[in-house]
Every structure is written in C-alpha cells, then in structure tokens.
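Asks: Chains as they are written, first to last, in this note's numbering: chain A, 9 to 325; chain B, 23 to 464.
Backbone N, C-alpha and C define an ideal beta-carbon position, used for all residues, glycine too.
I am attaching a structure below and will ask some questions about it afterwards.
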C-alpha cells in the first residue's frame, strides 16, 4: 500500500452540525421580529439594523486581523450580536448609537475575553446597558409604530408603581402583536414567540430557561397584584421579557450548561426582573437581571455538576 | 413490544444497508497467516512453536501467561515461517507467528469435544472456555473466562447477550443471529450453566426486526431466556447501558457488571462458545464485516484469524477509490490504522475503509458551550469541562469532573458542532491520571 492513510483517535464520523448552522438558526429565528421591526418602524429601522450588523461583523474581522487570529465572521455569531443590538434600541436612535453598541459588544465584551464562547456576559445585552446608562435620553426616546414616529411611552411605564393596569395603557392585544412603543425588536411578543418555537424545534435552545424565566415573572406579578391576571399578562407580554428570555438568557456562553444550573439561572432572572420592575427605579429590569445572572453563571455551574452514572450507589455500598 | 433504552446517546447514520442482507461468506483460504500472540487484554502469550515446525489446525502456538490471558491457536495447517516481533496495528508491536498454509487444513488430533456441558462442573466448563482461547469478539477482546470467574462474594444471576450492534456499518452479529440462532441460544445456556445464572437476556436493537423475530422463535422452548428489544441508539451496546436497559440495574462508578450480578457477552463470543463445545475446536476464525465507501463489494466474511486484511479487501473487489482511512472495528470506537498490512485478530469485528473526503479530520473551533456533549453522554459527564482542563494540562481538575468514568463511546465528539476533540482529550486525561495513580502506589 503506497499512499498514506490518516490515523486518528476515534470516533471517525461526526455529526453534520456546525457553529455556523447554530448561529444561522438564531438569525432565522430573529427574522420574524426583524421583519416586524421594519414593518412597524419603517426605513429608520432597516437602516439601524444594517448599521448594527455591519459594524459588528467589521469589528470582529478587524480585531481578529489585528491580533493575527483566523477571521471567523463566517460563523455568523457577529451577525447575531449585531442584530440583537439593533432590536434592543429605539427606532428613533441616531446612527452612531448602534455603531458604538456593536463595536463595544464585539471588541470589549466578546473578543477581549477570548472570542466565541468565552464571553461571560451576553455581548448584546452588555451593549444595551452601556448605551442606556451613557445616553439615557437617546436610548429611551421611544416612538410609536408608523411613519410619523410620534414619541410614545412604553407600556411598562404605565404600570410602573401600579397594582393594576390603568385604563390609559395600550391594550394587551397591541402589546402582544407589537403595535406599541419600545425598542425595535422587543415590542412584538408574538413574533418573538414564533422565533422561539423555531429554536426549540431545531434543538438550538431548551425550553428550560425561557419557560422558567417567563413563568417566574408571571407568578410573582400575579401574587403581587392580588391575582390580577390582566396585570400579570401585561408584565409578561409588554417590555423586553420575551426577547430576553428567548434570545438573551439562552446565550450559550453566558448561561449555565447544566440542566439544574439553567433552572437556577432562569429563576434568578425571573425574580430579579420582577423585583426591579415592581420595586426598583427602572421601568424595565430584563437587561440588568440577565447580566447579573450571567456573572453568577460560573458559580452556579460549579454547584450543579450532574450526578454521574453509578455514583450514588457507590456511596451507599 | 416495549423498546428499552438509556438516557443520552446519539443517532449516527446506520450505514448498514451495504451488508445487512448479505449472508455470511467463507473468506478465501489464506496462503499465509500472521497470528499475533497478543490479541486480547492482558498478558501476551509465549510462543510454543519455532521456525520450520509443522502445525495443525487448532494446535496451540501461543501459551497463556497468567490468568488474564487467552491462548492462541493455529488457524491453518502448514509450516511456521517466522516467529518474531511485528506491528499489530494501533501503533503496537507483538510477537507474531507466521504460518504458510499447506492448504490441507489438517486438524490437530488432540481436538476433542468436551462432552455434555450440563454434566460439567462450572469450574471445568470455564476452564474449557479458557483453553479454547475465547475472548470478547465485539472488539475489546477481554478474555471470556475471566468474566465467567467472579469472586465468591459476587454471585451472578443474570447473563445478557449483547446483540445491539450499535456501531454503524457493522453487521457481523446481525447476520450471526439470523444464521445461527440455535447456536446462540446454546451458547447462552452454556454460559448460564457456567456461572449458575437463572436468567438470560438476548438484547437486540429494533433496527434489526428480522433478528428479533428469529431469536424470539429460537428461545420459545427456554423459559428462562428472554429476547429484549432495545431502541436503536448509540451506545446501546455499551455494557453499563445494556444492563440498565435489560435488568434495570446501575453498575456503580468504577465497578464491573459482576458487581450487580450480571455478565455481558457479545453475540459472536457466545456462538463461538457453542461451537467450541460442539466440536472442541478453539477460536480460530470469526465473522468480520468488510465495508465502507472504498470497498467495491462489501461483505460479511468468515475469516481465519491471522488472515491479512489486504486479502479480505481483495476478495471484496479491492478499493474502488483511493482509501483515506482504514479502521478495524466500527466508526465510533474502532482503531484507525496506517496500513492494510495487518492481520485479522479475535477482536476484529469489521474492516472499514473510508475515502479521502470522509477521512478528513475537521478543524476544531472554540467551544460555544451549547451543552450537547452533556446531553448525549450516557454516563452524564460534562465532556466540555474534562476536555477543557485536560487540554490545559490541569489533570486534577479533569479528575474532579470524573474523567475516569468515561467509557470512551465518543458520542460527545460526534455531536460537537465545534468539532472539538472531546473524547480524544479525555483519553489523554485518563491515561495521565492512571499514570499518576500508579506512581503514587509505588
């Protein structure tokens, strides 16, 4: 036998999955909300989305070029981050806001900590929080859907400090379909849900984190309001809970990999979000909650290592 | 019928179509056999023949050294041409006996059937299995008599025959169940007699409904033997997973099947036991599936131990493409080789040849912490954590994440979207931890 055979350690076959496929699935899952954003907020939304995505991809390529690392923009992960940042800002934002957000997310939060899979915080969320704290006015200049961009309050501001939903607040139906003020991608619970179902179907995410996160917020707001189902439903569909629970809290690198850890993580997110919304100074608490739990992730993982096969019986013996 | 299974596992493409419906064919008689004297787990054998000796079929050519060892026998009659060290695959060398066949297949006159096993004492029965050089023929080649000799404080009540054949591509056991069901049942009864077990199971994956039907028919008369249908899932044939599925018992971490009163044997091994008891002939041949995209006419062959792999490939029409990888065993746990100038041993369940495209090792990218490796691990380990620590030479951390419990099924590496060398690095961790433990004992 003349030619050389390849020798390697088993297994000799691999599944067809890849990082690019996983990330592309997330982009596909974000498409309904993205199209919804363009439908509700028109050309402005489209421009901001493109700026955010292009900046994220360019930033990733630039950092990797400078650090003489292989450029990995083909894995689509920068596209996901850029898209999420765009969906997290208001349609009335100036063009430089997504530029700063995307560059910060990719360069500081993701690449400085080792790149794909190594970031300890969700890059898009960290960017949202940076922008909110630095340019609070610009970031909270919410507008109502439609071509005129009349300034509008988010539905959550109506229920802030309340025990029930006031009559002046937008209807629950409008909040569900997304015909309300708010950041471009968070307004339509329905379209986000559609994307979430796709991710579940494709096995990209498990139902644990979204279900427990949303469930915890639902239970706490229900109990707080004295079992006012309308109040509870309002807290669930209005605001950033769905985009946070489905697309941000499920971020692989910044959430626990263990099953038990995911339960604790999601419970923590739900409790913190409800606490901030009901008792804190901000109308919205999704971003801070997830980031706080991101930081706790390594600790949670350490304490939730699964019982291995045959372990308990050994101790009994 | 209820399909039993375990938690975790993967569903790789089965790729068994090429050979599943092909009856077992006798391989062409080899002109020359190269028989390694170290084909099993345990000590190597000492040669009992020298160059120019004339040997007969079934004659001992390698004597067992110690208890965990199995003797090696001549598979052809003829003249010994060489007794010397040769590569035996997997980067290892061993003493091999090269015999030039005289084409007569003259049987050693000392080969005699041992008589009715039912009248034999358990100890004598197990000794005969030892004398017959029988080892686990699924791939690991662990001496069977050792499995059948549990210490007195660990009585065996259950024997499981592993007919899962969960490795893709391989169909040797499948064919054997279809073609020799009665011998399989007989072999199981012999084992049960040998360890005084009351219950026998024959476990088969449900991708082989024909084998399930044939075996159900074959055990009709035997009340204490049950055919169990398993879900088709890899690694369904792994010992611990099989015992869990059939008997509902969990083998303790670091323990053996005998710790829960179970012995597991593979289909090929069990049929070999039945045949050896019938004729007295030790293990000198086995069924091997020769397959893969490079093989022109894949087949299930009955092969004499020591037959060169290249001979089998030639009999299957040769390579139809440039071969990129040659694997002895299945694609999940088989060992890839750097040449086809090796011979078939007792553990060679398959010869699998991939083309150059299939042989490419994918480039790993960063772990994205998707957790799929945790989901598929049948031992519920965290492969990403063990691997991460092993690659940074933090073996103590790797040990804390229970690296030593890994059964090396490879499910984690298979499923990883980042194509990371998970099980491969866990193997490195295991051998490093073992080396350290040995050092500490000294």
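So, with DSSP's three-state summary, where would you put residue 288/B?
Replies: By 1-based counting over the second chain, the position of residue 288/B is 266. The answer is strand: DSSP assigns residue 288/B an E or B state.
Asks: For residue 118/A, is the classification buried or exposed, using 16 other Cβ atoms within 10 angstroms of its Cβ as the cut-off for buried?
Replies: Taking the first residue of the first chain as position 1, residue 118/A is located at position 110. When all chains shown are included, residue 118/A counts as buried.
Asks: Which word fits residue 261/A, buried or exposed, when buried means at least 16 other C-beta atoms lie within 10 angstroms of its C-beta?
Replies: In the first chain, the residue the question calls residue 261/A occupies position 253. With 16 or more other Cβ atoms within 10 Å, it is buried.
Asks: Under DSSP, the beta strand (DSSP E) around residue 407/B begins and ends at which residues?
Replies: Here the question's residue 407/B lines up with position 385 in the second chain. From DSSP, residue 407/B is part of no beta strand (DSSP E) but of the alpha helix (DSSP H) over 405-413.
Asks: For a contact defined as C-beta to C-beta under 7 angstroms, what are the partners of residue 446/B on chain A?
Replies: The count along the second chain starts at 1 and reaches residue 446/B at position 424. Result: 17.
Asks: Using only CA atoms, which one of 160/A, 21/A, 245/A, 272/A lies nearest to residue 258/A?
Replies: Numbered from 1 along the first chain, position 250 holds the residue referred to as residue 258/A. Considering only alpha carbons, the answer is 272/A.
Asks: Residues in the region 19-45 of chain A with C-beta within 9 angstroms of chain B's C-beta atoms, listed in sequence order?
Replies: Cβ contacts with chain B come from 19, 20, 21, 22, 23, 25, 26, 27, 28, 29, 30, 31.
Asks: Just grab the DSSP bridge partners of residue 359/B for me.
Replies: One-based indexing of the second chain puts residue 359/B at position 337. Beta-bridge pairing links residue 359/B to 348/B.
Asks: Please identify the residue among 218/B, 127/B, 257/B whose C-alpha is closest to the C-alpha of residue 79/B.
Replies: Locating residue 79/B in the second chain gives position 57, counting from the first residue. Nearest of 218/B, 127/B, 257/B to residue 79/B, Cα basis: 127/B.
Asks: Under a three-way DSSP split, which group does residue 196/B fall into?
Replies: Taking the first residue of the second chain as 1, we reach residue 196/B at position 174. Correct three-state label for residue 196/B: helix.
Asks: Tell me which residue opens and which closes the alpha helix (DSSP H) that residue 332/B is part of.
Replies: Sequence index remark: in the second chain, residue 332/B carries index 310 (1-based). Looking at the DSSP string, the run of the alpha helix (DSSP H) that includes residue 332/B is 331-337.
Asks: Do residue 93/A and residue 110/A have their beta-carbon atoms positioned less than 8 angstroms apart in this structure?
Replies: Taking the first residue of the first chain as position 1, residue 110/A is located at position 102. Taking the first residue of the first chain as position 1, residue 93/A is located at position 85. Yes; because the gap between Cβ atoms is below 8 angstroms, this pair is in contact.
Asks: Which residues in the same chain as residue 5/A place their Cβ atom closer than 6 angstroms to its Cβ, once the five residues preceding and following it in sequence are excluded?
Replies: Absent from the model: residue 5/A. The displayed extent of chain A is 9 to 325, so no value can be given.
Asks: In its own chain, which residues sit with a C-beta less than 7 angstroms from the C-beta of residue 220/B, not counting the 5 before and 5 after it?
Replies: As a working note, residue 220/B is residue 198 in the second chain. So the list reads 179, 246, once near-sequence residues are dropped.
Asks: So, for residue 413/B: in the same chain, excluding its five sequence neighbours on each side, which residues have a beta-carbon less than 7 angstroms away from its beta-carbon?
Replies: Translated into the one-based positions of the second chain, residue 413/B becomes position 391. Once the five neighbours on either side are set aside, the close Cβ partners of residue 413/B are 447.
Asks: Please report the residue range of the beta strand (DSSP E) in which residue 324/B lies.
Replies: Numbered from its first residue, the second chain carries residue 324/B at position 302. Looking at the DSSP string, the run of the beta strand (DSSP E) that includes residue 324/B is 321-326.
Asks: Return the chain-ordered list of same chain residues with a C-beta closer than 7 angstroms to the C-beta of residue 298/A, the five sequence neighbours on each side being excluded.
Replies: On the first chain, position 290 is the one that residue 298/A refers to. Same-chain partners within the cutoff: 130, 133, 252, 256, 257, 277.
Asks: Which residue marks the beginning of the beta strand (DSSP E) containing residue 106/B, and which one marks its end?
Replies: Along the second chain, one-based indexing puts residue 106/B at 84. It spans 100-111 - the beta strand (DSSP E) in which residue 106/B sits, taken as one unbroken run.
Asks: Under 6 angstroms Cβ to Cβ from residue 332/B, same chain only, skipping five residues before and after it: list those, please.
Replies: As a working mapping, residue 332/B is identified with position 310 in the second chain. Taken in chain order, the residues that qualify are 362.
Asks: Around the C-beta of residue 85/B, are 16 or more other C-beta atoms found within 10 angstroms, so that it is buried, or is it exposed?
Replies: Position 63 of the second chain, counting from 1, holds the residue named residue 85/B. Exposed, because fewer than 16 other Cβ atoms sit within 10 Å of the Cβ of residue 85/B.
Asks: Should residue 35/B and residue 190/B be called a contact, given that it needs their Cβ atoms to be closer than 8 angstroms?
Replies: Position 13 of the second chain, counted from the start, is the residue given in the question as residue 35/B. Position 168 of the second chain, counted from the start, is the residue given in the question as residue 190/B. Yes, the Cβ-Cβ distance between residue 35/B and residue 190/B is below 8 angstroms.
Asks: Please decide whether residue 424/B counts as near chain A, where near means a Cβ-Cβ distance under 8 angstroms.
Replies: Residue mapping note: residue 424/B aligns to position 402 of the second chain, counting from 1. Yes, residue 424/B counts as interfacial toward chain A.
Asks: Can you pull the chain A residues whose beta carbon is under 7 angstroms from the beta carbon of residue 273/B, in chain order?
Replies: Counting from one through the second chain, the residue named residue 273/B turns up at place 251. Simply 318.
Asks: Confirm, please, whether the CB-CB distance from residue 430/B to residue 445/B is below 8 angstroms.
Replies: Position 423 of the second chain holds residue 445/B. Position 408 of the second chain holds residue 430/B. A contact, by the Cβ cut-off of 8 angstroms.
Asks: Do we get a CB-CB distance below 8 angstroms when we pair residue 176/B with the residues of chain A?
Replies: The residue labelled residue 176/B in the question sits at position 154 within the second chain. No, because no Cβ of chain A sits closer than 8 angstroms to the Cβ of residue 176/B.
Asks: I'd like to know if residue 136/A contacts chain B, where contact means its C-beta is closer than 8 angstroms to some C-beta of that chain.
Replies: Locating residue 136/A in the first chain gives position 128, where the first residue counts as 1. No, no contact with chain B.
Asks: Curious, which full-length alpha helix (DSSP H) runs of at least 4 residues does the region 43-130 of chain A contain?
Replies: Here the runs fully enclosed are 85-95, 104-111.
Asks: Using C-beta distances below 7 angstroms, list every residue in its chain close to residue 266/B, excluding the 5 sequence neighbours before and after it, in chain order.
Replies: In the second chain, residue 266/B corresponds to position 244, counting from 1. Closer than 7 angstroms at the Cβ level, and outside the excluded window around residue 266/B, lie 28, 272.
Asks: Since residue 260/A meets chain B, which of its residues come closer than 8 angstroms, beta carbon to beta carbon?
Replies: Along the first chain, one-based indexing puts residue 260/A at 252. Correct list: 390, 391, 392, 393.
Asks: Taking a cut of 7 angstroms between CB atoms, which residues from the region 334-354 of chain B lie near chain A?
Replies: Listed in sequence order: 344, 345, 346, 347, 348, 349, 353, 354.
Asks: Is the region 423-443 of chain B in contact with the region 387-402 of chain B, if contact means three or more CB pairs nearer than 8 angstroms?
Replies: Because the criterion of three Cβ pairs below 8 angstroms is met, the region 423-443 of chain B and the region 387-402 of chain B touch.
Asks: How many Å lie between residue 325/B and residue 221/A at the Cα?
Replies: For this step, residue 325/B is matched to residue 303 along the second chain. For this step, residue 221/A is matched to residue 213 along the first chain. The straight-line gap from Cα to Cα measures roughly 60 angstroms.
Asks: List the residues of chain B that residue 80/A touches, going by C-beta distances under 9 angstroms, in chain order.
Replies: As a position in the first chain, residue 80/A is number 72, starting the count at 1. Near residue 80/A (Cβ distances below 9 angstroms), the residues of chain B are 387, 388.
Asks: Can you name the start and end residues of the alpha helix (DSSP H) that residue 457/B belongs to?
Replies: As a position in the second chain, residue 457/B is number 435, starting the count at 1. Its alpha helix (DSSP H) spans residues 444-463.
Asks: Residues in the region 135-150 of chain B with C-beta within 9 angstroms of chain A's C-beta atoms, listed in sequence order?
Replies: Within the region 135-150 of chain B, no residue has a Cβ that lies closer than 9 angstroms to any Cβ of chain A.
Asks: Measure the C-alpha to C-alpha separation of residue 53/B and residue 463/B and round it to an integer number of angstroms.
Replies: The sequence position of residue 53/B within the second chain is 31, counting from 1. The sequence position of residue 463/B within the second chain is 441, counting from 1. Residue 53/B and residue 463/B: Cα-Cα distance of roughly 48 angstroms.
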